[in-house]
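One structure below.
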Amino acid sequence: MPILNADLHCHSVVSDGTLTPEALAQRAAANGVQLWALTDHDEVGGQHRAAAAAKAQGMKYLTGTEISVTFANETVHIVGLGFDPDDGQLRDGLRATRGGRGARAMEMADQLAAAGIKGAYEGALKYVGNPELISRTHFARFLVETGVCRETGEVFRRYLTEGHPGFVPHRWAALKDAVRWIHEAGGVAVIAHPARYRLTANEEYALFTEFKAHGGLGVEVVTGSHTAAEYLRYAEAAREFGLVASRGSDFHSPDESHTDLGRLPDLPGELTPVWEMLADRIR
Ligand code: AMP
Ligand code: MN
Ligand code: MN
Ligand code: MN
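Note that the numbering used here gives residue 243 to position 174 of the sequence shown, counting from 1, and the numbers run on in steps of one.
In C-alpha cells form, the structure reads like this:
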C-alpha cells in the first residue's frame with residue numbers, strides 16, 4: 070500500500086476540542102490528510118457529521134472514539150477505529166463512561182474554590198460544547214482565560230493532576246469492556262499514546278499483554294504526544310507484541326495543540342498500518 074497521510078486521532082467540540090467536525094475536516098484536508106478519523110473522548114455523537122464532512126472534502130474516513138479506561142489505578146486511553154457508530158452496546162458503554170463527569174466537575178470546582186479560584190464550574194461550562202462531556206480541558210481553558218495560568222500545559226502542572234488542587238480521582242471503563250465494545254461493534258482497538266502513562270515497566274507490560282488477551286490489535290506509534298525517541302520505542306513494542314500501528318495528531322485546538330492535523334512523520338516502514346486491516350471499513 071502506498072504511504073498515506075492518515076490522521077486517526079483528534080477532538081471536536083463534541084468532546085474537548087475547539088473546532089466543529091466540519092472545521093476539523095476542512096483543516097485536515099487543507100493539511101493534506103487523505104484518511105481521517107475523529108476520535109472524541111467517550112463519544113460517537115460527531116461521527117455522522119465527520120463522515121459527511123470528510124466526503125465533502127474528498128477525504129477517506131474511518132469512524133473513531135477515544136475511551137477513558139482505568140488500568141492499574143491510572144487513566145489509559147483506548148482508541149477505537151472502524152466500528153459501527155450506531156452499535157447499541159458501544160453507545161451504552163460510552164454513555165456509562167461519560168456518566169460521572171458532571172459530579173466530578175463539581176468536585177473539581179469545589180477544590181479549586183478552596184484554593185481561592187471561584188466560579189470554575191460555570192467558567193468551564195462556557196467552553197463545553199456537549200453537556201455530557203465536561204472535561205479537565207474545559208477547566209484548563211477557564212484557568213488560562215482568567216490569567217491563573219499562562220497556557221494549558223501549566224494548568225496540568227499546577228492544577229487538576231494528582232497532588233494538586235482540582236484533582237478528583239475517577240474510575241473509568243474497564244480495559245476489557247472498552248476493547249469488547251469496540252470489537253463487537255466491528256472495529257479495531259488501539260492503545261493511545263502509550264508513552265503518556267505513568268506506568269512502571271511491569272505495569273506497561275501488563276497493559277500490552279492484557280490488551281492483546283482481550284482482543285486489542287493496535288498501538289499508536291506516531292502521535293502528537295510522542296517524541297521521536299518514543300516513536301522508536303513503541304515501534305519496537307508493536308513488533309514485540311504483534312500489534313498494528315496507528316498514527317494521529319491528537320489535535321484539540323489551533324491555539325493549544327503543538328501538532329497540527331496531518332503534520333506527522335510517516336509510520337516506520339516495517340510496521341503494518343492499522344488501516345490495512347480496516348480497508349473494508351474505510352468510507
Ligand atoms: P479528562 O478526560 O477530563 O480527565 O481530561 C483529559 C484531557 O485533558 C486529555 O484528553 C487532554 O486533552 C487534557 N490533558 C491532560 N493532560 C494534559 C497536559 N499535560 N497538557 C495539556 N492537556 C492535557
Ligand atoms: Mn482531550
Ligand atoms: Mn488521550
Ligand atoms: Mn486524544
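Cβ atoms here follow ideal geometry from the backbone N, Cα and C, with glycine treated the same way.
Here the structure is a predicted model, which is why all the values come from computation and not from measurement.
Only residues of its own chain outside the window of five on either side were considered, and among them Gly192 have a CB closer than 8 Å to the CB of glutamate 214, listed in chain order.
Rounded to the nearest angstrom, the Cβ distance from aspartate 319 to glycine 284 is 24 Å, too far for a contact under 8 Å. Annotation: isoleucine 136 is outside any alpha helix (DSSP H); the continuous beta strand (DSSP E) that includes it extends over 133–140.
Closest option to cysteine 79, judged by alpha-carbon separation, among Leu73, Gly157 and Ala97: Ala97.
Distance from the CA atom of threonine 108 to the CA atom of isoleucine 136, rounded to whole angstroms, is 9 Å.
Taken through DSSP and simplified to helix, strand or coil, threonine 166 comes out as helix. Contact check between the stretch 202–218 and the stretch 159–170: three or more CB pairs, one atom from each, fall below 8 Å, which counts as touching. If you draw a straight line from the Cα of glutamine 116 to the Cα of alanine 282, it comes to about 28 Å.
According to the DSSP assignment, histidine 252 belongs to no beta strand (DSSP E) but to the alpha helix (DSSP H) extending over 244–253.
With fewer than 16 other Cβ atoms inside 10 Å of its own Cβ, glutamate 345 counts as exposed. At least one heavy atom of ligand 1 is found less than 7 Å from the C-beta of histidine 321. Ligand 1 approaches aspartate 85 closely enough that one of its heavy atoms is under 7 Å from the residue's Cβ. If you draw a straight line from the Cα of histidine 327 to the Cα of phenylalanine 225, it is about 16 Å long. Looking at the backbone, the Cα of asparagine 74 and that of leucine 104 are separated by about 6 Å.
No heavy atom of ligand 3 is found nearer than 7 Å to the CB of alanine 141. Put simply, the stretch 86–96 touches the stretch 117–131. At least three CB pairs are less than 8 Å apart. Under the DSSP assignment, alanine 97 falls in the alpha helix (DSSP H) whose first and last residues are 90–99. With a cut-off of 8 Å on Cβ pairs, the stretch 151–159 is not in contact with the stretch 227–246, counting fewer than three such pairs. With at least 16 other beta carbons inside 10 angstroms of its own, isoleucine 251 counts as buried.
Residue state for glycine 256 is assigned as coil, using DSSP reduced to three classes.
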